[in-house]
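K.L.:
According to our numbering, the sequence shown is numbered sequentially starting from 15. Glycine included, every Cβ here is placed at the ideal spot set by N, Cα and C. Here the structure is a predicted model, which means the values were calculated and not measured.
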Amino acid sequence: MRTPIVAANWKMHKTAGEAVGYFRRLLELVAPQPKVELVVFPPATLLSLAKKHLEGSPIGWGAQNAYPEPQGAFTGEVSVVQVADLGARYLICGHSERRHIFGEGDELIGRKVRAALDTGLVPILCVGELLEERQAGRAWEVVERQLSTALADVFLPSPERLVVAYEPVWAIGTGVPARPEDAQGMAARIRKWLEGRFGKPGRAIRIQYGGSVKPENAREFLGLPDIDGALVGGASLDPDKFWAIAQAALT
Ligand code: 13P
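What follows is the structure, given as structure tokens:
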């Protein structure tokens with residue numbers, strides 16, 4: 015049984031005051047024991063506020079990015095240990111904006127996945143193809159390369175310790191989501207690949223869909239057999255919309 019996981023990736027949004035208002039509203043909305051796992055990913059500057067307001071609640075929090083060394087001379091970076099110290103449970107690794115705006119490659123992303131696991135964090139490994147790669151019929155080839163490089167030397171103690179997010183780059187922030195049948199097709203291939211890589215337990219690794227998910231379309235994705243949740247950007251900035259999306263996982 016894979017518990018759905020619905021996550022809010024705030025990206026580079028919100029001040030401290032706005033974050034507190036968001037946490038208060040979300041806590042009002044969330045049932046004491048929702049059957050869906052909710053996680054918010056604020057910017058690193060707001061992680062301590064997430065800890066202050068969300069600790070002891072059903073809502074978890076994680077970091078959007080971290081450097082894969084525990085400490086050192088890496089000006090401007092925040093380490094996996096530092097985010098874990100603020101109670102982060104999850105770490106997004108290889109988001110398409112890290113790959114395509116900041117030039118992160120599969121090797122570095124793999125180091126982040128391993129560092130997250132070594133630190134006790136659960137990596138959410140993002141994979142997804144560009145529009146031209148899809149149009150050239152290379153979507154699976156790209157996703158498979160991203161999976162196999164990032165997970166090359168990974169020892170996974172149990173399937174709950176990894177989440178994979180399929181986020182086709184052309185669907186992120188565009189208002190144009192993938193077709194549900196394409197998202198399902200890719201998720202099924204990812205699940206088969208995970209089984210090949212990690213054996214039968216690999217089938218229990220949760221797979222999210224991300225890319226223009228909103229309350230109006232969430233049910234189309236969250237009802238698919240191989241999609242176990244959503245990684246939401248724009249629509250997650252409003253706690254009521256985020257909760258509406260999470261509720262779609264329950265029905
Ligand atoms: P949007 O929901 O804004 O398309 O962003 C998706 C995303 O990148 C989540 O990580």
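Ignore the nearest five residues each way along the sequence and tell me which others in Glu209's own chain have a CB closer than 7 Å to its CB.
P.N.:
Here residue 209 corresponds to residue number 195 of the sequence shown, with the count starting at 1. Same-chain partners within the cutoff: Gly216 and Arg217.
K.L.:
Taking the alpha-carbon of Glu158 as reference, which of Asp132, Leu135 and Ala201 has the nearest alpha-carbon?
P.N.:
Here residue 158 is taken as the residue at index 144 of the sequence shown, counted from 1. When only C-alpha atoms are compared, the closest one is Ala201.
K.L.:
How long is the line joining the alpha carbons of Phe98 and Leu245, rounded to whole angstroms?
P.N.:
Here residue 98 is taken as the residue at index 84 of the sequence shown, counted from 1. Here residue 245 is taken as the residue at index 231 of the sequence shown, counted from 1. The residue you asked about is not Phe; residue 98 is Ala in the sequence shown. Approximately 20 Å between the Cα atoms of the pair.
K.L.:
When DSSP labels each residue in this structure, what does Gly124 get in the three-state scheme?
P.N.:
For the purposes of this step, residue 124 is taken as the residue at position 110 of the sequence shown. DSSP places Gly124 in helix when its eight states are reduced to three.
K.L.:
Hey, would you say Glu118 sits closer than 8 Å to Gly134, going by beta carbons?
P.N.:
As a working mapping, residue 118 is identified with position 104 in the sequence shown. As a working mapping, residue 134 is identified with position 120 in the sequence shown. Contact: no.
K.L.:
Whose C-alpha, out of Ala77, Val44 and Leu176, is nearest the C-alpha of Asp254?
P.N.:
Along the sequence shown, read from residue 1 onward, the residue named residue 254 stands at position 240. Among Ala77, Val44 and Leu176, the Cα nearest to that of Asp254 belongs to Val44.
K.L.:
Quick check: the segment 130 to 149 against the segment 163 to 173, are at least 3 beta-carbon pairs closer than 8 Å?
P.N.:
Because the criterion of three Cβ pairs below 8 Å is met, the segment 163 to 173 and the segment 130 to 149 touch.
K.L.:
Cα separation between Ser71 and Pro229?
P.N.:
In the sequence shown, the residue the question calls residue 71 occupies position 57. In the sequence shown, the residue the question calls residue 229 occupies position 215. Rounded to the nearest angstrom, the two C-alpha atoms are 23 Å apart.
K.L.:
Report the start-end ranges of each beta strand (DSSP E) in the segment 60 to 110 that is 3 residues or longer and not cut off at the edges.
P.N.:
Listed in chain order, the complete beta strand (DSSP E) runs (minimum 3 residues) inside the segment 60 to 110 are 73 to 77 and 104 to 107.
K.L.:
Mapping the DSSP letters down to three states, classify Glu118 as helix, strand or coil.
P.N.:
The residue given as residue 118 occupies position 104 in the sequence shown. In the structure shown, Glu118 sits in coil (DSSP, three-state: anything other than H, G, I, E or B).
K.L.:
Looking at Ile19: is its Cβ nearer than 8 Å to the Cβ of Gln222?
P.N.:
In the sequence shown, residue 19 corresponds to position 5, counting from 1. In the sequence shown, residue 222 corresponds to position 208, counting from 1. It is a contact, given that the beta carbons lie within the stated cut-off.
K.L.:
Starting from Glu158, trace the alpha helix (DSSP H) in both directions and tell me its first and last residue.
P.N.:
Numbered from 1 along the sequence shown, position 144 holds the residue referred to as residue 158. Note, Glu158: alpha helix (DSSP H), Ala153 to Ala164.
K.L.:
Which runs of the alpha helix (DSSP H) fall wholly inside the segment 170 to 231 and span at least 4 residues, in chain order?
P.N.:
Taking only runs of at least 4 residues, the alpha helix (DSSP H) segments lying wholly in the segment 170 to 231 are 194 to 212.
K.L.:
Throw me the rounded Cβ distance for the Pro84 and Val92 pair, which I believe falls under 8 Å.
P.N.:
On the sequence shown, position 70 is the one that residue 84 refers to. On the sequence shown, position 78 is the one that residue 92 refers to. Not quite, the Cβ-Cβ distance comes to about 11 Å (not below 8 Å), so this is no contact.
K.L.:
Using the three-state DSSP reduction, which class does Glu7 fall into: helix, strand or coil?
P.N.:
No answer is possible for residue 7: the residues shown for the chain start at 15 and end at 265.
K.L.:
Closer than 7 Å to a non-hydrogen atom of ligand 1 - does that hold for the CB of Ser226?
P.N.:
Within the sequence shown, the letter at position 212 stands for residue 226. Yes; taking the cut-off as 7 Å, the Cβ of Ser226 has a heavy atom of ligand 1 nearer than that.
K.L.:
With a CB to CB cut of under 7 Å and the five nearest residues on each side skipped, what residues in its chain are close to Arg112?
P.N.:
Residue numbering aside, residue 112 sits at position 98 when the sequence shown is read from its first letter. The residues are Asn79 and Glu118.
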